[in-house]
Amino acid sequence: MIMGDRPPAAVFVLSQATPLRGMERAAADTVAALQADGLDVALHALVEHPRPGRAGRLLDLAASFAAARRLVRRSGPPLVLVGIWVGLRVLPFRRPSDRDVIAWEHSLTRERRAALRSFDAVARLVLPLYARRARGVVAVSAAVAGALAEQPGVAERVVVVPNPVVERPPAAAGPREPQPGPDRAAGPRLLCVGGLEPLKNPELALEALALLPAAHLDVAGGGARLPVLRQLAERLGVADRVTWHGHTDRVPSLLEACDALVHTSRSETFGYALLEAAAAHRPVVAVATEQARHLVPTLVPGTTTTADAAALAAAVRAVLSSPPTAAELAAADAARAAAFGREALLAGWRAVLS
Numbered sequence: 000m001i002m003g004d005r006p007p008a009a010v011f012v013l014s015q016a017t018p019l020r021g022m023e024r025a026a027a028d029t030v031a032a033l034q035a036d037g038l039d040v041a042l043h044a045l046v047e048h049p050r051p052g053r054a055g056r057l058l059d060l061a062a063s064f065a066a067a068r069r070l071v072r073r074s075g076p077p078l079v080l081v082g083i084w085v086g087l088r089v090l091p092f093r094r095p096s097d098r099d100v101i102a103w104e105h106s107l108t109r110e111r112r113a114a115l116r117s118f119d120a121v122a123r124l125v126l127p128l129y130a131r132r133a134r135g136v137v138a139v140s141a142a143v144a145g146a147l148a149e150q151p152g153v154a155e156r157v158v159v160v161p162n163p164v165v166e167r168p169p170a171a172a173g174p175r176e177p178q179p180g181p182d183r184a185a186g187p188r189l190l191c192v193g194g195l196e197p198l199k200n201p202e203l204a205l206e207a208l209a210l211l212p213a214a215h216l217d218v219a220g221g222g223a224r225l226p227v228l229r230q231l232a233e234r235l236g237v238a239d240r241v242t243w244h245g246h247t248d249r250v251p252s253l254l255e256a257c258d259a260l261v262h263t264s265r266s267e268t269f270g271y272a273l274l275e276a277a278a279a280h281r282p283v284v285a286v287a288t289e290q291a292r293h294l295v296p297t298l299v300p301g302t303t304t305t306a307d308a309a310a311l312a313a314a315v316r317a318v319l320s321s322p323p324t325a326a327e328l329a330a331a332d333a334a335r336a337a338a339f340g341r342e343a344l345l346a347g348w349r350a351v352l353s
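Per numbering that gives the first Met the number 0, the very first residue in the sequence shown carries number 0; after that it's consecutive.
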């Protein structure tokens, strides 16, 4: 539990305290911004430190339901449920009439529901609870809001409040050349950021790399499927042109060294990787998910394409041969500042919590 001595105005409930990735990172950054603005909010994790292995995950699952039951049955400030998985744990339990619940949805898209049966099953359980038991529902993007709006009883209560985005200082604006390093390839260097899971579709990046014989691919992300992906790289004949970095905090330096970000995810709820590339003034080539189409090219310079290796490779060639201009980068910087600035974040959450 991450709280002070006073009862806070709202408690943001995480499924786990570590590691801070994705929605947990967004929650921590949001709470920090609200606290800095004088709002008395706090974080609460159902599980502090996840245990390793399958048995550990099962123990953590049971512990998280027990912790959710204890939390929700007490009177207190509103609970902001960070993601559908926290909703699954908290919303089935009855709570005192004076304890409000606000759902903050990070994961739901039409594409994700279509791609993952297990996720769709969870959504079918939780979304009716959003409709019946949540005072309000916050979506991190228009793509998430659109998927939420398909649930009867939710559409009229959905508001979009974007996640906090840390931007580069204005003094650093302007196009920048990739930074050379001891492992800098002779040809273009591409970067793929994300977990090595089916939804992120890293196979597509490897298949496109096979059609780009001069390029090198850096992969920042880890997961249990790494051995399978290494085997695929061997079969495609690109193993010597791929560097696997695993989960790493070196993404900023990898962005500095790359010529373009390749984003192959089948679903995108917010687009941290895309926005980080834009902040580093690196063009992106992204599969045309609903959220990617919202971001690219107005807020994120680059292009979108279909989930096909030949189309992706062609889009990479086009972006490398005609990268964004300084004017396009500056326009995107200004658009992101307006869309994701601190003022929008604070105003949005103050309205939700009032």
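For every residue, glycine included, the Cβ atom is placed at its ideal position computed from N, Cα and C.
Where residue i sits in the DSSP three-state scheme
| i | result |
| --- | --- |
| A185 | coil |
| T304 | strand |
| E267 | coil |
| H280 | coil |
| E196 | coil |
| A171 | Because the pLDDT at A171 is just 49, under 50, the model does not fix this residue reliably, and the value given afterwards should be weighed accordingly. Of the three classes helix, strand and coil, the one that applies to A171 here is helix, per DSSP. |
| L311 | helix |
| H360 | Coverage of the chain is limited to positions 0 through 353, which leaves residue 360 absent and any answer about it impossible. |
| L260 | strand |
Own chain, CB closer than 6 angstroms to residue i, minus 5 neighbours either side, in chain order
| i | result |
| --- | --- |
| V143 | E104, L107 and T268 |
| T242 | D217 |
| S63 | L45, V46 and R88 |
Contacting residues, own chain, Cβ-Cβ under 8 angstroms from residue i (five flanking each side not counted)
| i | result |
| --- | --- |
| C257 | P177, R188, L189, L190, D217 and R281 |
| P237 | Checking the sequence, you will find Val at residue 237 rather than Pro. L205, L208, A209 and L216. |
| E327 | P296 and P300 |
Residue i vs residue j beta-carbon contact at 7 angstroms
| i | j | result |
| --- | --- | --- |
| V351 | V137 | yes |
| L380 | V153 | Since the first residue of the chain shown is 0 and the last is 353, residue 380 is not available in this structure. |
| A61 | L13 | no |
| G186 | A207 | no |
| A16 | D39 | no |
| V284 | A314 | yes |
| D59 | R50 | yes |
| A219 | L253 | yes |
| V10 | A35 | no |
Residue span of the beta strand (DSSP E) that contains residue i, given as start and end
| i | result |
| --- | --- |
| Q15 | A9 to Q15 |
| D217 | H215 to A219 |
| G135 | G135 to A138 |
| E104 | V100 to E104 |
| V79 | L78 to V81 |
| A330 | From DSSP, A330 is part of no beta strand (DSSP E) but of the alpha helix (DSSP H) over A325 to F339. |
Residues of its chain near residue i, where Cβ-Cβ distance is below 7 angstroms and the 5 sequence neighbours each way are ignored
| i | result |
| --- | --- |
| P264 | According to the sequence provided, residue 264 is Ser. The question's Pro does not apply to it. Excluding sequence neighbours, S264 sits near G193, L198, K199, N200, V286 and T288. |
| A133 | V100, I101 and A102 |
| Y438 | The structure shown does not extend to residue 438, since the chain is modelled only from 0 through 353, so no value can be given for it. |
Opening and closing residue of the alpha helix (DSSP H) in which residue i lies
| i | result |
| --- | --- |
| H246 | Per DSSP, H246 belongs to no alpha helix (DSSP H) and is neither H nor E. |
| E202 | P201 to L208 |
| L228 | L225 to L235 |
C-beta neighbour in chain C for residue i, strict 7 angstroms
| i | result |
| --- | --- |
| A310 | Absence of chain C from the displayed structure is noted, only one protein chain being present. |
8 angstroms contact criterion, which residue i and residue j should meet: CB distance rounded
| i | j | result |
| --- | --- | --- |
| E255 | A279 | 7 angstroms |
| L354 | A291 | Any property of residue 354 remains undetermined from this structure, which presents the chain solely from 0 to 353. |
| G221 | L195 | 6 angstroms |
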